[in-house]
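In what follows, a single structure is set out as structure tokens and then discussed.
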Amino acid sequence: MNRIAELFISKMLEYRVINECDKNIYAYGIRAMIQKIIFTCALFLAAFLVDELIYTIIFYISYKEIRGEYGTFHSKKRITCFGWTSLICGIAYMMKTQVLDYIPVYCLVLLMSVIFLMLILIKNIQNQHQKGIHGTKSAVLYIICLISCIFEIKIGTYGILMGFFCTVMLEWIRHFSIFLNEKIKNLLELRFGKDIGC
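In structure tokens:
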């Protein structure tokens with residue numbers, strides 16, 4: 102991967118597309134782009150192999166848009182990001198095949214509405230000081246999901262619903278880990294009687 106990035110950088114320097122002082126920034130960006138392409142191709146290859154490509158595309162686009170508006174949980178390394186994304190896609194696949202087919206449509210609409218409202222509340226609590234309209238893309242996805250439910254287009258309903266569900270799940274994990282870290286820090290401070298910095 103580094104060799105590919107170096108090749109791109111040398112060509113960009115040769116054709117004077119970038120300056121010498123900026124080459125490290127561009128090399129980092131190229132490596133990140135290559136990894137993202139590899140990881141995305143791996144996920145879609147797995148989806149193709151289990152014959153869920155269309156569902157995965159709908160889920161992936163929905164999840165990416167919803168996470169862009171509501172997601173605050175991010176990994177520090179790209180490989181752990183890939184691991185979390187793989188786990189989320191695996192959960193979305195298992196939910197589709199093992200759970201969603203057995204839930205009546207009106208329950209899916211109710212579940213979707215509750216999840217959407219939870220995300221809006223979380224976002225409003227986090228951004229009380231910001232003004233403006235938030236969640237426009239997710240509102241459109243929510244409406245598309247409701248229309249898919251009405252017309253019983255299961256693949257669309259499931260994909261969008263799981264995009265919302267997985268975002269809420271990651272946000273819950275983030276908030277729980279913050280809460281747990283605070284509790285552990287408080288216990289250590291009580292135990293040792295001094296301020297423990299994290």
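Residues in the sequence shown are numbered consecutively from 102, following the numbering used here. Note that the Cβ used here is the ideal one computed from N, Cα and C, for glycine as well.
{"query": "Burial state of ARG168, where buried means 16 or more other Cβ atoms lie within 10 Å", "result": "buried"}
{"query": "As assigned by DSSP and simplified to three states, the class of THR173", "result": "coil"}
{"query": "Buried or exposed by the 16-neighbour rule on C-beta atoms within 10 Å, applied to ALA133", "result": "exposed"}
{"query": "Close beta carbons around TRP185, own chain, < 7 angstroms, minus the five adjacent residues each side", "result": "SER176"}
{"query": "Pair within 8 angstroms by beta-carbon distance, ILE159 and ILE261", "result": "yes"}
{"query": "Inter-stretch contact (C-beta, 8 angstroms, three-pair minimum) for the stretch 122 to 131 and the stretch 103 to 113", "result": "yes"}
{"query": "Cβ-based neighbour list, ILE256, same chain, cut-off 7 angstroms, excluding 5 preceding and 5 following", "result": "ILE155, TYR156 and ILE159"}
{"query": "Stretch-stretch touch, CB-based, cutoff 8 angstroms, three pairs: the stretch 239 to 249 with the stretch 273 to 284", "result": "no"}
{"query": "CA-to-CA distance, PHE277 to ASN287, given in whole angstroms", "result": "15 angstroms"}
{"query": "Element boundaries [alpha helix (DSSP H), containing ARG275]", "result": "255 to 293"}
{"query": "Counted within 10 angstroms of its Cβ, other Cβ atoms place CYS122 as buried (16 or more) or exposed", "result": "exposed"}
{"query": "Proximity of LEU220 and PHE265 at Cβ, strictly below 8 angstroms", "result": "yes"}
{"query": "Span separating the alpha-carbon of SER163 from that of ARG292", "result": "46 angstroms"}
{"query": "Buried or exposed (CB count within 10 angstroms, at least 16 for buried), THR198", "result": "exposed"}
{"query": "Status (buried if at least 16 other CB within 10 Å, exposed otherwise) for SER239", "result": "buried"}
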